[in-house]
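Trainee: Right, I'll just put the structure down here and ask away after.
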Amino acid sequence: HGLPAVEAAARELGGGGTILDAVVAGVEVPELDPDVTSVGRGGWPNEAGVVQLDASVMDGTTRRVGAVGALEKVATAAAVARRVMEETRHAFLVGAGALEFARAQGFEETELLTERAKVAWERWKAEREAEEGGGDTIGLLGLDASGRMAGACTTSGLAWKMPGRVGDSPIVGAGLYVDDRAGGATATGVGEEVIRVCGSFLAVERMRSGDDPQSAVEAALARIVENAGRTVQVGMLALDRTGRIGAASLQSGFRYAVHRAGRAAMFDAKVL
Ligand code: ASP
Numbered sequence: 036h037g038l039p040a041v042e043a044a045a046r047e048l049g050g051g052g053t054i055l056d057a058v059v060a061g062v063e064v065p066e067l068d069p070d071v072t073s074v075g076r077g078g079w080p081n082e083a084g085v086v087q088l089d090a091s092v093m094d095g096t097t098r099r100v101g102a103v104g105a106l107e108k109v110a111t112a113a114a115v116a117r118r119v120m121e122e123t124r125h126a127f128l129v130g131a132g133a134l135e136f137a138r139a140q141g142f143e144e145t146e147l148l149t150e151r152a153k154v155a156w157e158r159w160k161a162e163r164e165a166e167e168g169g170g171d172t173i174g175l176l177g178l179d180a181s182g183r184m185a186g187a188c189t190t191s192g193l194a195w196k197m198p199g200r201v202g203d204s205p206i207v208g209a210g211l212y213v214d215d216r217a218g219g220a221t222a223t224g225v226g227e228e229v230i231r232v233c234g235s236f237l238a239v240e241r242m243r244s245g246d247d248p249q250s251a252v253e254a255a256l257a258r259i260v261e262n263a264g265r266t267v268q269v270g271m272l273a274l275d276r277t278g279r280i281g282a283a284s285l286q287s288g289f290r291y292a293v294h295r296a297g298r299a300a301m302f303d304a305k306v307l
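Those letters in the sequence shown? Residues 36 to 307, by the working numbering.
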């Protein structure tokens, strides 16, 4: 789902949007796509069969942040997170309060649980095994021609999670961090492990201290390995203020999309 997302982000930027507009527009593509089972509508539900979304946004120029956790019924969680940033004096709203806020902001309520996800959840409940519940959060980092950066990270979280469980994606510094004086980073995979090391903040601080983005994500993943060993999956992306990219994961299968100078392409992250 990365390719259509970066293409939508580039269109938004090309049409005069800001870099923040662009990253939010980009992640909205998988959020609204019912066939993407890890983000927004169509995402795998929690163990009670309810889809609860987590998302965050960060403006790398002002370092303002907004986030929502365990948001139900509204697919465009990153756009709600942006409203939290812009329309409230808070940084993070969760659960019923996040939904109430989204409603008040005019967001449309929909059933996020698709038939396919419901069937998978029922099978998991019956047999405790199902289509692999491993997530595939989308984290989108943007850099414009004037050096402004922004990021958005949005997910339905780990499949069959406990109700109320919040992962790394909406936690600023864990699933996402952007400071355009240094760079941006985002994570996917087992959020609990990313939270334990403040993964995205760690990668950005490494870039601030002079690491290139590849070394920065490898250092953050090495910290995760110290805690959790090598059997978990975590993937990380980083982008520095000069446009260099870093991408690595602990297990194979983590792919990412890049849109640069009018062209989009997919790449395999380095497996550590
Ligand atoms: N990181 C997400 C979470 O823990 C899930 C994923 O990226 O697969 O909620």
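Backbone N, C-alpha and C fix where the C-beta goes; we use that ideal spot for every residue, glycine too.
Taking contact to mean at least 3 C-beta pairs separated by less than 8 Å, is the segment 108 to 120 in contact with the segment 44 to 63?
Mentor: Yes, the segment 108 to 120 is in contact with the segment 44 to 63.
Trainee: Please classify F142: does DSSP put it in a helix, a strand, or coil?
Mentor: Looking at F142 - three-state DSSP - the assignment turns out to be coil, as it is neither helix nor strand.
Trainee: When you compare the CB positions of L106 and L88, do they come within less than 8 Å of one another, or not?
Mentor: Yes, these two residues count as a Cβ contact at 8 Å.
Trainee: Mapping DSSP to helix, strand and coil, what is R200?
Mentor: R200: coil per DSSP, three-state reduction.
Trainee: Closer than 7 Å to a non-hydrogen atom of the ligand ASP - does that hold for the CB of G130?
Mentor: For the ligand ASP, not one heavy atom lies less than 7 Å from the Cβ of G130.
Trainee: Please go through the segment 98 to 131 and give each complete alpha helix (DSSP H) segment of 4 or more residues, from N-terminal end onward.
Mentor: Here the runs fully enclosed are 112 to 122.
Trainee: Use the C-beta contact count for F289: other C-beta atoms within 10 angstroms, 16 or more gives buried, fewer gives exposed.
Mentor: Flag for F289 reads buried.
Trainee: As a quick exercise: from I173, G199 and I230, pick the residue whose alpha carbon is nearest that of G132.
Mentor: Nearest of I173, G199 and I230 to G132, Cα basis: G199.
Trainee: Hey, would you say G186 sits closer than 8 Å to G174, going by beta carbons?
Mentor: For G186 and G174, yes; Cβs fall inside 8 Å.
Trainee: For R298, does the three-state DSSP call read helix, strand or coil?
Mentor: Correct three-state label for R298: strand.
Trainee: Is A217 helix, strand or coil by DSSP?
Mentor: If DSSP states are grouped into helix, strand and coil, A217 belongs with coil.
Trainee: Give me the residue from C188, R98 and T266 with the minimum Cα distance to T221.
Mentor: When only C-alpha atoms are compared, the closest one is C188.
Trainee: Just to confirm, does S250 get its C-beta within under 7 Å of one of the non-hydrogen atoms of the ligand ASP?
Mentor: Every heavy atom of the ligand ASP is 7 Å or more from the Cβ of S250, so no.
Trainee: Please classify H294 as buried or exposed, where buried requires at least 16 other C-beta atoms within 10 Å of its C-beta.
Mentor: Classification for H294: buried.
Trainee: Along the alpha helix (DSSP H) that carries I259, what are the first and last residues, could you check?
Mentor: Run containing I259: P248 to A263, per the alpha helix (DSSP H) assignment.
Trainee: Looking at the ligand ASP, does it come within less than 7 Å of S73, judged from the CB to the closest heavy atom?
Mentor: It does: the Cβ of S73 is within 7 Å (strictly closer) of some heavy atom of the ligand ASP.
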